[in-house]
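Just so you know, we're using our numbering here: the sequence shown kicks off at 54 and counts up by one.
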Amino acid sequence: MPSYVSTIIICAVLVLIAFFAIRNYIKKLSNGCCGAEGDGIQKVKPSDTNKNNYPFSKTIEIEGITCKNCATRVENAFNSIDGFYASVNLKKNQATILMKENKDDALLRQIVRDAGYKPISIH
């Protein structure tokens with residue numbers, strides 16, 4: 054077999070690897086890190102959307118939220134529970150949790166963990 058055939062095979066393999074890597078990168082750019090299609094996850098609204106009805110507030114620093122789908126997962130974890138109103142600041146990796154009753158930090162940490170993320174600190 055001529056020596057140039059092995060060079061062609063190696064180049065073809067490298068082109069295939071590059072193609073799949075670029076395709077996955079473009080998918081992440083357009084759909085977020087979670088690979089969700091389109092708009093991703095549907096948002097859950099809190100049962101009471103009037104923020105004035107939530108006298109208690111805590112901010113949770115969270116590790117692992119990297120896209121809008123991650124942020125929506127954390128918000129949904131809280132907003133699906135009566136008495137919570139959550140919003141996530143993706144740039145700061147923080148969730149602001151409004152509460153009708155002051156809840157224990159351990160409960161807040163568990164909700165974040167159950168959503169699949171790591172709570173770092175609560176203030």
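Quick reminder that beta carbons are idealized off the backbone N, C-alpha and C, glycines included.
| query | result |
| --- | --- |
| Runs of beta strand (DSSP E) lying entirely within the region 66-154, each at least 3 residues, in chain order | 109-116, 137-142, 147-152 |
| Distance CB(residue 157)-CB(residue 100) smaller than 8 angstroms | no |
| Same chain, Cβ closer than 8 angstroms to residue 159, five either side skipped, listed in chain order | none |
| Beta-carbon separation (whole angstroms), residue 115 vs residue 146, contact threshold 8 angstroms | 6 angstroms |
| Sub-8 angstroms separation of residue 138 and residue 170 beta-carbons | no |
| Opening and closing residue of the beta strand (DSSP E) in which residue 156 lies | No beta strand (DSSP E) holds residue 156; DSSP gives it neither H nor E. |
| Cβ neighbours of residue 126 in the same chain (closer than 7 angstroms, five flanking residues each side left out) | 94, 168, 169 |
| Neighbourhood of residue 91 by C-beta, 6 angstroms cutoff - its chain only, sequence neighbours within 5 removed | Low per-residue confidence applies at residue 91: pLDDT is 48, beneath 50, and the placement is therefore not dependable, though the value from the model is reported in the following sentence. If we look at residue 91 and ignore the five residues flanking it on each side, it has no Cβ neighbours. |
| CA nearest to the CA of residue 119, picked from 112, 128, 143, 129 | 143 |
| Bridge partners - residue 175, DSSP secondary structure assignment | 113 |
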